[in-house]
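Written out below as structure tokens is the structure these notes cover.
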Amino acid sequence: MKIAFVFDWYHRDTVGSYLLRAAKALGHEAEHFWLRNARQIPPGFDLYLRVDFGDYTEKDLATSLNPAAFYAIDSHIPKSWQKILRLAPRYGMVFCAQRWAAERLPNGRWLPLGCDAELHAGEPAEPEYDVAFVGSDGGVPRKFILQALRERYPKSRIGPAPHTEIASLYNRARVVFNYSIADDVNMRVFEALAAGACLVTNALSHDDLKCLGLKEEEHLVLYRSPREIFAKIDDLLAQPERRLKIGRAGQEVVMNKHTYVQRIEEIVRIACAPL
0 MKIAFVFDWY HRDTVGSYLL RAAKALGHEA EHFWLRNARQ IPPGFDLYLR VDFGDYTEKD
60 LATSLNPAAF YAIDSHIPKS WQKILRLAPR YGMVFCAQRW AAERLPNGRW LPLGCDAELH
120 AGEPAEPEYD VAFVGSDGGV PRKFILQALR ERYPKSRIGP APHTEIASLY NRARVVFNYS
180 IADDVNMRVF EALAAGACLV TNALSHDDLK CLGLKEEEHL VLYRSPREIF AKIDDLLAQP
240 ERRLKIGRAG QEVVMNKHTY VQRIEEIVRI ACAPL
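Throughout the sequence shown, residue numbering follows numbering that gives the first Met the number 0, covering 0 to 274 in sequence.
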């Protein structure tokens with residue numbers, strides 16, 4: 000199948016780049032186009048897939064290019080959501096990384112984020128860090144929580160890192176910490192679990208984690224307040240066998256159900272289905 004991927008590729012670790020890799024791994028003839036060149040994309044593709052990169056300019060695919068689908072990733076950000084709503088009618092299908100967003104669109108379909116099986120998977124190595132977190136400090140309260148983690152657990156690795164090193168860092172961590180904003184099941188959830196790490200993340204107001212097959216205390220550990228974070232991490236640091244068991248169980252679920260290869264398979268199956 001010929002698939003045109005449309006997204007701005009400023010960084011190597013974008014969801015679009017992972018999906019493009021997955022499509023090629025499946026044997027599809029996949030080609031990348033920048034959004035600024037959307038009007039120059041030729042006909043003849045079996046699917047035109049625009050992938051959200053926070054790029055909501057007025058430039059868009061020509062209406063003659065079909066079937067066309069949009070993967071909306073930042074719908075949990077209010078300003079982005081309003082722009083996604085304006086773009087949605089152009090597409091036959093809008094896949095949303097957040098379930099609530101998909102439910103609010105007549106052409107919406109929930110498609111969570113995932114992991115790259117080659118880049119993110121791994122086996123736990125000799126622990127080097129008590130806590131690992133790959134990403135920016137962000138805003139309040141996350142930046143305060145991360146600073147508190149640095150102070151309480153000096154043998155930690157907290158901060159940005161190249162996407163090619165994420166699995167290696169998580170493999171060498173006793174615990175991987177996550178703080179999702181706006182109830183988002185973010186990339187870090189899948190990437191940490193793919194690495195076989197014991198993930199400690201905030202509980203969400205919905206049951207999306209459970210819907211993804213990720214059960215509390217079996218596949219990951221949840222905290223419900225900042226005060227719980229240290230207690231949860233301290234318990235895990237003192238129980239290596241429990242940590243490893245949770246990490247292995249979470250990895251099994253993610254590698255079996257939540258890779259970008261599986262996401263592409265679902266996109267193709269749904270977006271290209273006959274009406």
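Glycine included, C-beta positions come from ideal geometry on N, C-alpha and C.
Note that the structure is a prediction, hence the values are computed from the model and not measured.
- In the three-state DSSP reduction, residue 200 falls in the strand class (E or B).
- In the structure shown, the three-state DSSP call for residue 154 is coil.
- Residue 96 is positioned such that its CB atom lies closer than 9 Å to that of residue 184.
- The DSSP-derived three-state label of residue 129 is strand.
- By the beta-carbon neighbour count (other beta carbons within 10 angstroms, threshold 16), residue 146 is exposed.
- Residue 114 is classed as buried because its beta carbon has at least 16 other beta carbons within 10 Å across all chains shown.
- The criterion of a C-beta distance shorter than 9 Å is not satisfied by residue 3 and residue 34.
- Taking all protein chains shown into account, residue 36 has fewer than 16 neighbouring C-beta atoms within 10 Å of its C-beta and is therefore exposed.
- Taking 9 Å as the cut-off, the beta carbon of residue 151 is found closer than this to the beta carbon of residue 229.
- Taking 9 Å as the cut-off, the beta carbon of residue 86 is found no closer than this to the beta carbon of residue 66.
- Shown here, residue 27 sits in coil according to DSSP, grouped into three states, outside any helix or strand.
- In this structure, the CA atom of residue 111 is about 31 Å from the CA atom of residue 127.
- When secondary structure is reduced to three states using DSSP, residue 229 falls in the helix class.
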